[in-house]
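Here the structure comes first, spelled out in structure tokens, and everything after it is commentary.
Numbering (this note's numbering), first residue to last: 55 to 368.
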């Protein structure tokens, strides 16, 4: 059964088949403006039945032939026939013989069956309807695309997406805060208490900022004492704008060939520093005694000719 629908975009009205609407769940594409809409929502009422007899009567009156023409009586034709001479006997006999031969040829083969006339009307209609259904089945992709677009634009889905986006933003902000907690506390000491409270749930701890590029060794000396030991003196300075953690020191003693013969790690406790942080621009003088007497390498006593000092965070 054909139905009439109307495109809401351009107003074009066209027929649709119920099978087409069943396959595409009502979604169709306008052939004029290519707009996609639900045909079931925009179905138009069919013309009233009382108007059909009137139109049929009018068309019957317009197409009704003249009684004389329907009976096959034409005056001019009658006169022309009466004026023609009668055909001769040979022509008449030849016509009868031809008619007899035609009759014999037509009925000679008893097994021959005349082909039945094809029922063109219903079959053509079914083929056209099947072709339209197959075309709609092949074009089902635009229906899926329209459904997807409508799904993602629905208020419920958009609200869920907003909630997920906010949750991801909060999660990202939490990760950045946890990763940069030491820097944030160093930049603003007032943030240390909230960061400590956050670390209780996350499982972390706020420590002094480790920023080794801000530590500068301004000066150092390495002097030998009377008992054969050495004294290391140096000046550490924080060149950054925030407070940083005090680093450890690596002392490497070298021989005359600049080969390392002894390496020692000096921790904060060994350096004797009271605080674990250096404020912005703060300096710190450190001095520590290094015992070298009795040290040997490959059975030979260590002979110190130079040293190297390196600051690092263990």
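Even for Gly, the Cβ is constructed at its ideal location relative to N, Cα and C. A quick note: this is a predicted structure, and the numbers were derived from the prediction, not measured.
{"query": "Let's see if you can read the secondary structure: which residues bound the alpha helix (DSSP H) around residue 94?", "result": "Counting along the chain, residue 94 falls outside any alpha helix (DSSP H), and DSSP gives it neither H nor E."}
{"query": "Which residues in the same chain have their Cβ closer than 6 Å to the Cβ of residue 297, if we skip the five residues on either side of it in sequence?", "result": "240, 331 and 333"}
{"query": "Are there 16 or more other CB atoms within 10 angstroms of the CB of residue 255, so buried, or fewer, so exposed?", "result": "exposed"}
{"query": "Inspect the CB distances between the segment 195–209 and the segment 72–92 and report whether three or more fall short of 8 Å.", "result": "yes"}
{"query": "Skipping 5 residues on each side, what residues in its chain have a beta carbon closer than 7 Å to that of residue 213?", "result": "none"}
{"query": "Can you list, in chain order, the residues of its chain with a C-beta nearer than 7 Å to that of residue 321? Leave out the 5 residues immediately preceding and following it.", "result": "302"}
{"query": "Please report the residue range of the alpha helix (DSSP H) in which residue 254 lies.", "result": "246–256"}
{"query": "If I measure Cβ to Cβ from residue 273 and keep anything under 7 Å in the same chain, skipping five residues before and after, which residues do I get?", "result": "288 and 289"}
{"query": "When the Cα atoms are used, what is the spatial distance from residue 345 to residue 305?", "result": "12 Å"}
{"query": "Enumerate in chain order the residues of its own chain whose CB-to-CB distance from residue 324 is below 7 Å, with the five nearest sequence positions on each side excluded.", "result": "342"}
{"query": "Buried or exposed: which applies to residue 299, given that a residue is buried once 16 or more other Cβ atoms fall within 10 Å of its Cβ?", "result": "buried"}
{"query": "Tell me whether residue 279 sits in a helix, a strand or coil according to DSSP, three-state version.", "result": "coil"}
{"query": "The beta strand (DSSP E) that contains residue 337, what's its start and end?", "result": "337–344"}
{"query": "Could you tell me which residues DSSP puts in a beta bridge with residue 308?", "result": "314 and 360"}
{"query": "Between residue 29 and residue 269, which are expected to be in contact by the criterion C-beta below 8 Å, what is the C-beta distance as a whole number of angstroms?", "result": "This structure does not reach residue 29, given that the chain is present from 55 up to 368, and the question cannot be answered."}
{"query": "Thinking just about the alpha-carbon of each residue, which of 72, 295, 97 and 311 is nearest to the one in residue 242?", "result": "295"}
{"query": "If contacts are defined as beta-carbon pairs under 8 Å, then residue 258 and residue 217 qualify, I think. What distance do you get, rounded to the angstrom?", "result": "With 8 Å as the limit, residue 258 and residue 217 do not qualify as a contact, their Cβ atoms being about 27 Å apart."}
{"query": "Buried or exposed: which applies to residue 237, given that a residue is buried once 16 or more other Cβ atoms fall within 10 Å of its Cβ?", "result": "exposed"}
{"query": "When we look at the beta-carbon of residue 158 and count the other beta-carbons within 10 Å, is it buried (16 or more) or exposed?", "result": "Low per-residue confidence applies at residue 158: pLDDT is 37, beneath 50, and the placement is therefore not dependable, though the value from the model is reported in the following sentence. By the neighbour-count rule (16 or more Cβ atoms within 10 Å), residue 158 is not buried but exposed."}
{"query": "Can you round the beta-carbon distance between residue 360 and residue 312 to whole angstroms, since I take them to be within the 8 Å contact cut?", "result": "7 Å"}
{"query": "Mark residue 211 as exposed unless 16 or more other C-beta atoms lie within 10 angstroms of its C-beta, in which case mark it buried.", "result": "exposed"}
{"query": "Start and end of the beta strand (DSSP E) containing residue 59?", "result": "56–60"}
{"query": "Would you check if the distance between the CB atom of residue 62 and the CB atom of residue 86 is smaller than 8 Å?", "result": "no"}
{"query": "Answer yes or no: do residue 362 and residue 308 have a C-beta to C-beta separation smaller than 8 Å?", "result": "yes"}
{"query": "Take residue 293 and list the residues in its own chain whose beta-carbon comes closer than 8 Å to its own, dropping the five residues that flank it on each side.", "result": "268, 269, 270 and 335"}
{"query": "With a threshold of 7 Å on Cβ separation, who are the neighbours of residue 275 within its own chain once the five nearest residues in sequence on each side are excluded?", "result": "287"}
{"query": "Measuring alpha carbon to alpha carbon, tell me which residue in 358, 208 and 291 is nearest residue 316.", "result": "358"}
{"query": "Taking the CB atoms as reference points, tell me whether residue 266 and residue 367 lie closer together than 8 Å.", "result": "yes"}
{"query": "Taking the Cβ atom as the reference point for each residue, do residue 71 and residue 59 lie within a distance shorter than 8 Å?", "result": "no"}
{"query": "Compare the Cα-Cα distances from residue 383 to each of 247, 202, 338 and 261 and report the closest residue.", "result": "This structure leaves residue 383 out entirely; the chain is present only between 55 and 368."}
{"query": "Between 81, 57, 56 and 89, which has its C-alpha nearest residue 65's C-alpha?", "result": "89"}
{"query": "Please report the residue range of the beta strand (DSSP E) in which residue 287 lies.", "result": "284–292"}
{"query": "Under DSSP, the alpha helix (DSSP H) around residue 237 begins and ends at which residues?", "result": "235–241"}
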